[in-house]
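Data block below; observations after.
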Amino acid sequence: MSTSMNRRDFIKIAGVGAGSLAFATPLFDFSTGDILAPDTVPGMYAKRTPTYCEICFWKCAGWVHTNEEGKIWKVTGHEDDPHSNGRLCPRGTGGVGMYNDEDRLKTPLIRTEVNGVQTFREASWDEAFTYIADGLKKVAEEHGPECTALFSHGSGGHYFGDLLKAFGSNNITAPSYAQCRGPREVGFFATYGEGVGSPERVDIRDTRCLVLIGSHFGENMHNGPVQEIAQATAKGATIITVDPRFSTVASKSKFWLPIKPATDMALLLAWMHVIINEGLYDKEYVEKYVYGFDELKAHVATNTPEWAYGLTTIKPETIRETAREMANASPRVIIHPGRHVTWYGDDTQRLRAVAMLNALLGSWGRRGGFYNPEKVSFKTYPHPQFPTPKRTWKDAYPGKFKLASLALASGICDATVPATGRDCSFKAWIVNGTNLIHTLPNQANTLKAIQALDLMVVIDTMPMEITGYADVILPECTYLERYDDIRVSAHREPTLALRMPAAEPKYNTKPAWWMAKGLAEKMGLGAFFPWKDIEEKLDWELKQVGSSLEEMKRIGVKKMKRSFDDLYPMENLEDFEFNTNTGKIELYSTAMEDEGYDPLPKYKAHEEPPEGYYRLNYGRAPMHTFSRTANNPNLTDLMDENSVWVNPKVAKEWGLKNDQYLWLENQDGVVSKTPIKVRVTERIRFDSVYMVHGFGHTEKKLTRANGRGASDADLITRVHIDPEMGGTGMRGNFVTFRFEAGKEVSS
Amino acid sequence: MRYAMAVDTLKCVGCNDCVVACQTENDVPIGYCRDWIVEKTTGTYPQLQLEIRSERCNHCANAPCVRTCPTEASHYAEGGIVLVEESECIGCKACITSCPYDARFIHPEGYVDKCTFCIHRVEKGQDPACVAVCPTHCMIFGDLDDPNSDISRAMATRKWKSLIPEAGTDPKVFYLI
């Protein structure tokens, strides 16, 4: 029986049929869609249209090939694109599955109640927009427009962001910051006055030594680095991989350091100790660019390899040998900053140590180290100035997370859970393309926040766990069926890339720009979207930089010339003023000190698993992106469930066999919602287990993904918050094995 | 002309891009594949080795599938590419049983299907779809009779192996090790 306790019962979208409420206005003029590149292989396909991929955020440019019947056949990489170099990864190649997925959201849905049971009803776009506009207006009247937030992880987010800004809120957030790469940006900014950015500015192609700490390229299929690692190793580059798991890239490495989890900081400090004490650092570079060398030398004086051995289990001679290997390659060496770095709560400090080690080796601004990316200076279509909000999310955290440069998804979620004494608890969420149930740690807290909302709008292409909690669901068409903004990317060479529809949107789905503009008009904010349609907007923007929509439809990717010859600005010790307080690379961070944080990173012991428990490590598989691809027919065909990796010694102790299913239970007694298959393998340390993130869906409408594998997100209930910038450290959870299901969790 | 493929196991990361590229290129139905990934771990933590390779029909010069086919549906095409003529195939599975590499399967439409080295692309001077897509450039396709082809050079300069050489099939897919 459904309980009336929750205002917001989870509704499984099953039972809501295919949309038949066609919208009258055609979206695209397909008669103009034929201005396309000439068919390079006669008879192979009827036409090809440019796109850039939306399956992950590397955003590789490619071509969508359609056959004579206009049916999408395949997607291939764009030869002029520095992100893909003409080759997509398996997810991009399988992107056509996102378009073909018959489980897609098909028409707008509105939450309603029938005989005391909450359900969704099909709605027209106009009804859905009216519902949202009325809901947002009510929130603005009762609480202020600032009490609305946008969570977005997708290209369309820009349009909903503009909508929110026009409405009077700048609480726009992506989980890619506080749940992923935020500490890296802050750690590098504190050191160099610049972040790492995406795509990362690492010159792997020309490096002689690449150090990976927990990064598992090859499994993490970010296209550029995977390609460049293969190129660099073919030219003889050394790879040093630090990972408790024998990852794919560990197997390609000259050195694999099977570190005890959570002790990476000790290794980094010991490496700096060796490099300083053996005089292996780049003396001219340090002399010219660096501030705080003596302080660092004193700081790491006792961080000997012998000291680190006791913590990391990496032998002192291995620490010395690998430090010398890096120094031999210097300055063509990269201690890679990684991407998903929210591990233990001292992540900004750990990434500071990574940045500092690079500085000692003189790799920043040097060939084979870190290059200076450039992007096209791109003007967007003019619109009236957005109002200035009276409050922001930061007001909920006075004196905290002072170095956070972007809004925290977790911070906004926490500030939605009602609390006394807070000015603005969030009352409305717009959630675009991010399945917050799987994305944010501590699900119980996320659900508490959702229950406190007056309005939640979810925009997605697929029914996901988050869509079940929405008041209104807006079905977006896939990236193969829509225009989005021009991809303006920073790389060795600046490029522009166009995404345009290769087919008409299936079902009653629409692109983000159309939804945001329609909603804005409904809310009386149409002036902020002054263009007729996106083609007019993109054409205007492209003409400002000497291109046009017509040209981009033909070429897909436009490479531009760099404005200055400064790809490696410190290659020959050229003068350079860094964007830091001292104008130097700060080994000793004055900015951190000013804000009351440690100016030099310190080793901090992290909690270890209790007896019978194992540290929960999670990562990526090359054929999936987060939880969003788990139902893609092409990609589930490659991998349709995850498994829990268990060392044979542990398996023996527990009597576990390969392929048996069991449940995982964490230190707080939380049991995985679904069972997971055991993979007994030597490739994992005895003190930890490993699983690929993104499985364990419970949304029944995901017919291929529902109940397949388990979700690490279910088990991440303990979060270690980064004091500098609010990142959510998620690698401090421990699990044990359970041979029966947990109790049904009521939503 | 002797077409062959070399897969560099030192580069291959097992991402399955070759599998999905083949599926989309050749309209291989979901649930079937003409190429696949094999991973083999040896040793004990932390002394470990991992070999990853992309496998497919070996386009053997002495192909048991061609020998056992009662209708001559399985045959050699130009450059030694082993093909199945769908219209001649009676689905008897003799070839499936005789193939030591388990490279063949019954297509839902009833005929035997397998890798064609993307002959439709090769005829136009393109690489097979798996080779063309590989992000690590781990596959090389070409003519062994041309001493200057990339594959001839790789075979001359690198250590390599083939699979189940004792079967005597004279396979034309090689693994650089």
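Protein sequences appear in the order of chains A and B.
Residue numbers for the first sequence follow numbering that gives the first Met the number 0, beginning at 0 and rising by one.
Residue numbers for the second sequence follow numbering that gives the first Met the number 0, beginning at 0 and rising by one.
Note that CB positions come from ideal geometry on N, CA and C, so glycine has one too.
Note that the coordinates shown come from a computational prediction; the quantities given were computed from them, not determined experimentally.
Check, Outcome
"Would you mind telling me which residues of chain B sit closer than 8 Å to C88(A), beta carbon to beta carbon, in chain order?", "C14, D16 and P134"
"What span of residues does the beta strand (DSSP E) with L175(B) cover, start to end?", "V172 to L175"
"What is the rounded straight-line gap between the Cα of V18(B) and the Cα of E492(A)?", "31 Å"
"Looking at chain A, is there any beta carbon in it that lies within less than 8 Å of the beta carbon of P45(B)?", "yes"
"Shorter than 8 Å from the beta carbon of K39(B) to some beta carbon of chain A?", "no"
"What are the boundary residues of the beta strand (DSSP E) that includes M591(A)?", "Looking at the DSSP string, M591(A) is not in any beta strand (DSSP E); the run it does join, the alpha helix (DSSP H), is T589 to D593."
"Pick helix, strand or coil for N631(A), following the three-state DSSP scheme.", "coil"
"Step through the CB atoms of chain B and report whether any lies within less than 8 Å of the CB of A229(A).", "yes"
"Taking the continuous alpha helix (DSSP H) assigned at C114(B), which residues delimit it?", "Run containing C114(B): none; DSSP gives neither H nor E here."
"Can you tell me whether T206(A) is buried or exposed, with buried defined as 16 or more other CB within 10 angstroms of its CB?", "buried"
"Between A131(B), M4(B), I29(B) and T43(B), which lies nearest to G78(B) when the distance is taken from Cα to Cα?", "M4(B)"
"To the nearest angstrom, how far is the alpha carbon of N357(A) from that of T190(A)?", "10 Å"
"When the Cα atoms are used, what is the spatial distance from N431(A) to V670(A)?", "29 Å"
"Could you check if T70(B) is buried or exposed, using at least 16 other CB atoms within 10 Å of its CB as the buried criterion?", "exposed"
"Rounding to the nearest angstrom, what Cα-Cα distance links H136(B) and P381(A) in this structure?", "44 Å"
"List the residues of chain A whose Cβ lies closer than 8 Å to the Cβ of E108(B), in chain order.", "Here the premise fails: no neighbours, minimum Cβ distance about 18 Å."
"What would DSSP say about G337(A), mapped onto helix, strand or coil?", "coil"
"At a Cβ threshold of 8 Å, is E320(A) touching chain B?", "no"
"Which runs of the alpha helix (DSSP H) spanning at least 4 residues fall entirely within the segment 333-388 of chain A, listed in chain order?", "346-359"
"What are the boundary residues of the beta strand (DSSP E) that includes V118(A)?", "Before going on, a small fix: residue 118(A) reads as Thr here, not Val. Start and end: V116 to E121."
"For a quick check, are the C-beta atoms of L350(A) and R183(A) less than 8 Å apart?", "yes"
"Can you find the residues in the same chain that come closer than 6 Å, C-beta to C-beta, to K123(B), ignoring five residues on each side of it along the sequence?", "none"
"Please state whether the Cβ-Cβ distance between L87(A) and I472(A) is less than 8 Å.", "no"
"Cβ atoms of I429(A) and L104(A): under 8 Å apart, would you say?", "no"
"Could you list the residues in the segment 92-104 of chain A with a C-beta less than 8 Å from some C-beta on chain B, going in chain order?", "T92, G93 and V95"
"Does any C-beta atom of chain B lie closer than 8 Å to the C-beta of P632(A)?", "yes"
"Using a Cβ-Cβ cutoff of less than 7 Å, which residues in the same chain neighbour G192(A) once the five nearest sequence positions on both sides are dropped?", "F577, N578 and T579"
"List, from N- to C-terminal side, the alpha helix (DSSP H) runs of 4 residues or more that fit wholly inside the segment 482-546 of chain A.", "511-521 and 533-543"
"May I have the straight-line CA-CA distance separating I411(A) from W539(A), to the nearest angstrom?", "35 Å"
"Could you tell me which whole beta strand (DSSP E) segments of length 3 or greater appear in the segment 139-203 of chain A?", "147-151"
"For T172(A), which option in L405(A), M559(A) and L637(A) has the closest C-alpha, if you only look at C-alpha atoms?", "L405(A)"
"Give the single residue among G69(A), Y613(A), V95(A) and N219(A) whose Cα lies nearest to the Cα of T75(A).", "V95(A)"
"Note down, in chain order, every chain A residue with its Cβ under 7 Å from the Cβ of E24(B).", "K73"
"Name the DSSP beta bridge partners of A406(A), please?", "T172(A)"
"Just to confirm the assignment, what range does the beta strand (DSSP E) spanning L748(A) have?", "The structure shown does not extend to residue 748(A), since chain A is modelled only from 0 through 746, so no value can be given for it."
"Mind checking if A72(B) is an interface residue toward chain A, Cβ cutoff 8 Å exclusive?", "no"
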